[in-house]
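Chemist:
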Amino acid sequence: MLEAIRLGKVFRGRRGSPLWAVRGVTLSVRKGEVYGLIGPNGAGKTTLLRMIALMMRPDEGEIRLAGQATGDAPDALRRKIGFASGNTRLYGRLTPREILSFFGRLYGMSRRLIERRTVELSGIFGLDAFLDARCETLSTGQLQRVSIARVVLHDPPLLVLDEPANGLDVLTSEALFQFIRHAGERGVAVVLSMHQVSAIETLCHRVGLMHQGRLVAQGEPEAICRQADAPDLRSAFIRLVSGSVDGTGESVP
Amino acid sequence: MNWRVLITLLGKELLETARDRRTLFMMIGLPVLLYPSVLLIGTQVAVLRQERVEKGVSRVHLETASLLDVPLIRPWLEATGKIMVVYSTDPRRDLREGKIDLIATTKAPLSESFFAGKSLPVELLYDVTEQRSLEALDRVDKLLKDVAEREQRRRLENRGIDPAEFMPLKVTRVDLAGNVKVAGAILGALLPALLIIITALGAFYPAVDLTAGEKERGTLETLLSTPVTRSELVTGKFLAVFCLALVTAVVNLLAQLGTMYVFFGQISDTLPGAFASLLRNPLPLLTVIGVIMVPMALFLSSLMIAVCLFARGFREAQTYLTPVMLLIAAPALIAGMPGIRLTPFWTFVPVVNAVLVVKEVMLGGVSAQALFSVFVSILAAALFAIACAAWLFQREEVTLADEPVLPLSLRRKDYPPRDFLTPSHGLAIFGVVMALIFYLGSVLQARWPLPGLFVTEWLLVLFPALAVLWLVRADFRAVLGAKRASPAAFLAGVLLGTGTFLVTAAFGAVQERFLPMPEAFREAYQRFFDTDGSVLSGAWLFLVVAVSPAVCEEVLFRGILLRGFTRRFRPWIAALAVSVLFGLFHLSIFRFLPTALLGIPLAYLALRTGSLFPSMLTHALVNSLALALSMGLVPAPVTYWLFPAGPDVARVSEGALFLGIGLVLPGVVILERRFRGTSP
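Quick note, the sequences are listed as chains R and W, same order.
Take 10 as the starting number for the first sequence in our numbering and just add one per residue.
Take 26 as the starting number for the second sequence in our numbering and just add one per residue.
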């Protein structure tokens, strides 16, 4: 479904010198596969996910989506992607119904299709009670449900989720993980980053460990544990990051 | 560009704005409620004051050379009943305090002058700042002239002479401006400027809300993840801001017209009836406003969106837009003032041209050609601003930046050590220095010219600049370019500096023709060079006028500002921008062009050699040359050869021009051959 080949992204550093936020990252995600990214703050996860979601153009390498090169027409190809991050919030002055209708039209869906999907998703995520209340009046958990409904509204074959569980309580997080598992089972490819390493371990088929812009380890959770000679992914993470290179990288946008 | 997407985006932005009470109030509530009431009360107060002056009786204190004359002169003044002769013990003080309106003094007894067939000198003392005093002057002057004319006629007829023989000219004044023009002039000053300012205010909040507000609320990234292109996104936002600005303009215009109708109903008898006709048929006015306001709203919205895109949040955007609002409001208000008319030059200056074209209509009409030119020029400016906004929106560092801003702090330890400053640091320092010069330096220099200038340069320019560098822990040598330079660099500086000085001086006479320096300015300028001729005072003058500016101004302009600007912009843009600031720094419209032009070779020198010292030397040299010329230290034949036409003839002095070019060229050659590629 998704192939990223030797991706690189460079920013201008504080002193004008080039600063590679991501460099030489190659990964692929099959249909129905859930791929998890872990790494310390500033490792380049957000930049990598933004490039995969075709919101940022890579300075090196290329991204292929369902076998199609994305270089020339990234705008139209975003139709195949559902993206959510801590920064993809919702319009406070609009209601969930208006938000779904707005984004549906941006994804080129017909009015009838939008209405059908809204009813469907309201059922799945339990939005009925607040479908016509302004988002500024909703709780964090309710907003998260609307957000996910927004991401899957156009039924994308690839989901890119950057820290989707940030700020969620245990119950809401669990519901989210449930949803991600289901998406995988339905054949949707999922790439996500998360700080909860234990959740990643149970949720993801494969895991990539990022550090200072590079993918330092990649594979099934058990394989990574074996590689680092650690009992669990959490210990493997700590061992690989603190052992391979010193300190944490400089934070990049 | 997908129309369906654009309409969806526009609809969402409008729906969101309609649900925002603050923006809605700024758009509709403010013009409908506040503005008309201010206009109404303001105009009424002004009219009532004027009326009171015209209907009121003028109080005149009469002083005669002989007490016997009072009962004779008094009837002259009180003939119309609009003047009352009053008695005051201290007439001058009472006049100043507004207790009386005029003092009339006769300088000779009537019996010895007026009645003896001679002339009676009369002095009228008045206060030009008081409307009532001016009115009294007008009345008394007219009455006395009538008396004089009657007496003249009587005397001539007594001698059997036809009075017409003694009046070869009889001048009558007829004011052709008419009432429409007068009323138009008053309203013309206000209405168009307010219209533009209110439209800008109408664009202000939506522009902030739809760009920086969306970024701050974190909804922009949601939008960027959809298949909508960046161009569609920025166009949708731009259309929304444009619609809202236009709605604000229309609401405001209707509110203004409505106010005036109400206003005319109340006091129609006291105002020129013809003025009402402008309002009875406001169609031409509305047409022109319609034609102009559409591109104007386009321009204002795209300009504001472009500026707001740089901001990371709501508050930051408001900070950025405040000077933009001032840049719009100030020229709008100035263009509204009486006397400024639509010339070909102003046709191409956005904001000013819109104000002037609306004013022209109110003053009686505007040609279709002029209207078209203004329309096209505003449209061009609008398209340029739209292109800028669209270009900015394509840039990821603008739309997806989440880097925190450096805090503003007065504690030195809050700043990490640095070896460069950004343009905004430089501009902040420049702003502080300008404020100090404006409020402190100009006062000091007016009082004590030379010491004032000395203190201004060292304490108000150099000291604050270095203090900020110390505060933010900047590396002085790197930030200023304070490093050694080779003799060749200094030689190039001498050639460039002398040459540029001669070239700008060669055009001095031409500038004088288009922008003559008022005598008062020239005198104030010349006052700097008044010395007693001793060696000591000459050295002091040299230190203040030549050395101090060279050191202090170079640190600020070719050091902090230029090096800061080159971090963000191409070198030639940085050099131009800093030179414009250098011209503005001199706070004189007459010196702007010469000083800004001089800034260019200085910046070029500093950039090519990588050192501040050659430009310091060059600056000192140029100021010394100007000093020597002003003081007449240059031998007359040389001066005459350089500027043969003299300062009063408006033509380019070829001698100075060719010698100047002849010096600049080798300077450029040295810099290009020896220093190319060595600049930072």
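Virtual Cβ for every residue (Gly too), placed ideally from N, Cα, C.
Keep in mind the model is a prediction, meaning the values are calculated, not measured.
At which residues does the alpha helix (DSSP H) containing E190(W) begin and terminate?
Modeler: Counting from 1 along the second sequence, the entry for residue 190(W) is found at position 165. DSSP places E190(W) outside any alpha helix (DSSP H), giving it a letter other than H or E.
Chemist: Ignore the nearest five residues each way along the sequence and tell me which others in G506(W)'s own chain have a CB closer than 7 angstroms to its CB.
Modeler: For this step, residue 506(W) is matched to residue 481 along the second sequence. Around G506(W): G584, R588, A631, G635, S636, L637.
Chemist: Does any CB atom of chain R fall closer than 8 angstroms to the CB of G715(W)?
Modeler: Here chain W has residues from 26 to 705 only, and residue 715(W) is not among them.
Chemist: I'd like to check one pair, A322(W) with C333(W): are the Cβ atoms closer than 8 angstroms?
Modeler: Counting from 1 along the second sequence, the entry for residue 333(W) is found at position 308. Counting from 1 along the second sequence, the entry for residue 322(W) is found at position 297. Cβ atoms of C333(W) and A322(W): not closer than 8 angstroms.
Chemist: From T130(W), G185(W), R633(W), P134(W), pick the residue whose C-alpha is nearest to that of A510(W); which is it?
Modeler: Locating residue 510(W) in the second sequence gives position 485, counting from the first residue. That would be R633(W), whose Cα lies nearest to the Cα of A510(W).
Chemist: Is the segment 45–53 of chain R close to the segment 108–115 of chain R, with three or more CB pairs under 8 angstroms?
Modeler: no
Chemist: When you compare the segment 164–180 of chain R with the segment 194–202 of chain R, are there three or more beta-carbon pairs, one atom per stretch, that lie closer than 8 angstroms?
Modeler: yes
Chemist: Are the C-beta of P309(W) and some C-beta of chain R separated by less than 8 angstroms?
Modeler: Along the second sequence, read from residue 1 onward, the residue named residue 309(W) stands at position 284. No, its Cβ sits nowhere closer than 8 angstroms to a Cβ of chain R.
Chemist: Against L334(W), what residues of chain R qualify as contacts under a CB-to-CB distance less than 8 angstroms, listed in chain order?
Modeler: If you number the second sequence from 1, residue 334(W) lands on position 309. By Cβ distance, chain R contributes nothing, its closest Cβ being about 16 angstroms from L334(W), past 8 angstroms.
Chemist: Near F777(W), which residues of its chain fall below 7 angstroms by C-beta distance, leaving aside the five closest residues on each side in sequence?
Modeler: A question about residue 777(W) goes unanswered here, because the residues of chain W that appear run from 26 up to 705.
Chemist: Quick check on the burial criterion: 16 or more other C-beta atoms within 10 angstroms. Buried or exposed for I66(W)?
Modeler: Within the second sequence, the letter at position 41 stands for residue 66(W). Exposed is the call here.
Chemist: For the beta strand (DSSP E) that D171(R) lies in, which residues bound it at each end?
Modeler: If you number the first sequence from 1, residue 171(R) lands on position 162. That run of the beta strand (DSSP E) goes 167–171.
Chemist: Quick one: grab the DSSP three-state call for Y464(W).
Modeler: For the purposes of this step, residue 464(W) is taken as the residue at position 439 of the second sequence. If DSSP states are grouped into helix, strand and coil, Y464(W) belongs with the helices.
Chemist: Over the uninterrupted alpha helix (DSSP H) stretch that includes M60(R), give me the two end residues.
Modeler: By 1-based counting over the first sequence, the position of residue 60(R) is 51. Annotation for M60(R): the continuous alpha helix (DSSP H) segment containing it runs 54–61.
Chemist: What does R46(W) touch in chain R if you count any residue whose Cβ is under 7 angstroms from its own?
Modeler: Within the second sequence, residue 46(W) is the residue found at index 21, counting from 1. Neighbours of R46(W) on chain R: none; closest Cβ ~10 angstroms, over 7 angstroms.
Chemist: Identify, in the order they occur along the chain, each residue of the same chain with its Cβ nearer than 7 angstroms to the Cβ of L465(W), setting aside the five sequence neighbours on each side.
Modeler: Start at 1 with the first residue of the second sequence, and residue 465(W) comes out as number 440. If you ignore the 5 residues before and after L465(W), its C-beta comes within less than 7 angstroms of the C-beta of L485, all in its own chain and listed in chain order.
Chemist: Quick check on the DSSP output: the beta strand (DSSP E) that includes T130(W) runs from which residue to which?
Modeler: In the second sequence, the residue the question calls residue 130(W) occupies position 105. Residues 127–131.
Chemist: Pop quiz: F445(W) and A503(W) are said to be a contact at Cβ under 8 angstroms. What is the actual Cβ separation, rounded to whole angstroms?
Modeler: Within the second sequence, numbered from 1, the residue matching residue 445(W) stands at position 420. Within the second sequence, numbered from 1, the residue matching residue 503(W) stands at position 478. Between A503(W) and F445(W) the Cβ distance is about 7 angstroms, and since that is below 8 angstroms, they are a contact.
Chemist: Give the straight-line distance between the Cα atoms of T643(W) and S604(W), rounded to the nearest whole angstrom.
Modeler: For the purposes of this step, residue 643(W) is taken as residue 618 along the second sequence, with counting starting at 1. For the purposes of this step, residue 604(W) is taken as residue 579 along the second sequence, with counting starting at 1. Answer to the nearest angstrom: the Cα atoms are 15 angstroms apart.
Chemist: Could you tell me whether the Cβ of F112(R) comes closer than 8 angstroms to any Cβ of chain W?
Modeler: Locating residue 112(R) in the first sequence gives position 103, counting from the first residue. Yes, contact with chain W.
Chemist: Does the Cβ of F246(R) have 16 or more other Cβ atoms within 10 Å, making it buried, or fewer, making it exposed?
Modeler: Locating residue 246(R) in the first sequence gives position 237, counting from the first residue. Result: buried.
Chemist: So that I know if they touch, is there some Cβ in chain R lying closer than 8 angstroms to that of R11(W)?
Modeler: Residue 11(W) cannot be examined here, being either before or after the span of chain W that is shown, 26 to 705.
Chemist: What would DSSP say about K18(R), mapped onto helix, strand or coil?
Modeler: Position 9 of the first sequence, counted from the start, is the residue given in the question as residue 18(R). In the structure shown, K18(R) sits in a strand (DSSP, three-state: E or B).
Chemist: Under 8 angstroms Cβ-Cβ, which residues of chain R neighbour P252(W)?
Modeler: Start at 1 with the first residue of the second sequence, and residue 252(W) comes out as number 227. Chain-ordered, the chain R residues with CB closer than 8 angstroms to the CB of P252(W) read D84, A85, L86, R87, R88, L115, Y116, G117.
Chemist: Is the Cβ-Cβ distance between L150(W) and L102(W) less than 8 angstroms?
Modeler: Position 125 of the second sequence, counted from the start, is the residue given in the question as residue 150(W). Position 77 of the second sequence, counted from the start, is the residue given in the question as residue 102(W). The answer is no: Cβ separation not under 8 angstroms.
Chemist: To the nearest angstrom, report how far apart G298(W) and L367(W) are at their CA atoms.
Modeler: In the second sequence, counting from the first residue as 1, residue 298(W) sits at position 273. In the second sequence, counting from the first residue as 1, residue 367(W) sits at position 342. Residue placement at G298(W) cannot be trusted, given a pLDDT of 45 that sits under 50; what the coordinates show is reported in the next sentence. Their Cα atoms are separated by approximately 27 angstroms.
Chemist: Starting from A226(R), follow its DSSP beta bridges and name the residues at the other end.
Modeler: Your numbering for residue 226(R) matches position 217 in the first sequence. In DSSP, A226(R) forms a bridge with L218(R).
Chemist: State the Cα-Cα distance for the pair R235(R) and L35(W), rounded to the nearest angstrom.
Modeler: For the purposes of this step, residue 235(R) is identified with residue 226 of the first sequence, where counting begins at 1. For the purposes of this step, residue 35(W) is identified with residue 10 of the second sequence, where counting begins at 1. Cα-Cα distance, rounded: 54 angstroms.
Chemist: Cβ atoms of A161(W) and L127(W): under 8 angstroms apart, would you say?
Modeler: Translated into positions along the second sequence, residue 127(W) becomes position 102. Translated into positions along the second sequence, residue 161(W) becomes position 136. L127(W) places its beta carbon less than 8 angstroms from that of A161(W).
Chemist: Name the residue from V663(W), L135(W), K240(W) whose alpha carbon lies nearest to the alpha carbon of F418(W).
Modeler: Counting from one through the second sequence, the residue named residue 418(W) turns up at place 393. Cα-wise, what sits closest to F418(W) is K240(W).
Chemist: What's the C-alpha gap between G95(R) and I317(W)?
Modeler: Counting from 1 along the first sequence, the entry for residue 95(R) is found at position 86. Counting from 1 along the second sequence, the entry for residue 317(W) is found at position 292. The straight-line gap from Cα to Cα measures roughly 44 angstroms.
Chemist: May I ask which residues mark the beginning and end of the beta strand (DSSP E) holding T79(R)?
Modeler: The residue you call residue 79(R) lines up with position 70 of the first sequence. T79(R) -> no beta strand (DSSP E), and no H or E assigned at all.
Chemist: Quick one: which chain W residues come within Cβ less than 8 angstroms of R195(R)?
Modeler: Taking the first sequence and counting its residues from 1, one reaches residue 195(R) at position 186. Ordered by position in chain W, no residue passes the 8 angstroms Cβ test against R195(R), which lies about 21 angstroms from the chain.
Chemist: Would A13(R) and I72(R) be called neighbours here (beta carbons separated by less than 8 angstroms)?
Modeler: Locating residue 13(R) in the first sequence gives position 4, counting from the first residue. Locating residue 72(R) in the first sequence gives position 63, counting from the first residue. In this structure, I72(R) lies closer than 8 angstroms to A13(R) by Cβ.
Chemist: So what does DSSP say about T447(W), is it helix, strand or coil?
Modeler: Here residue 447(W) refers to the residue found at position 422 of the second sequence. Coil at T447(W), not helix or strand.
Chemist: With P639(W) as the anchor, note down where its alpha helix (DSSP H) starts and where it stops.
Modeler: One-based indexing of the second sequence puts residue 639(W) at position 614. According to the DSSP assignment, P639(W) belongs to the alpha helix (DSSP H) that extends over 638–655.
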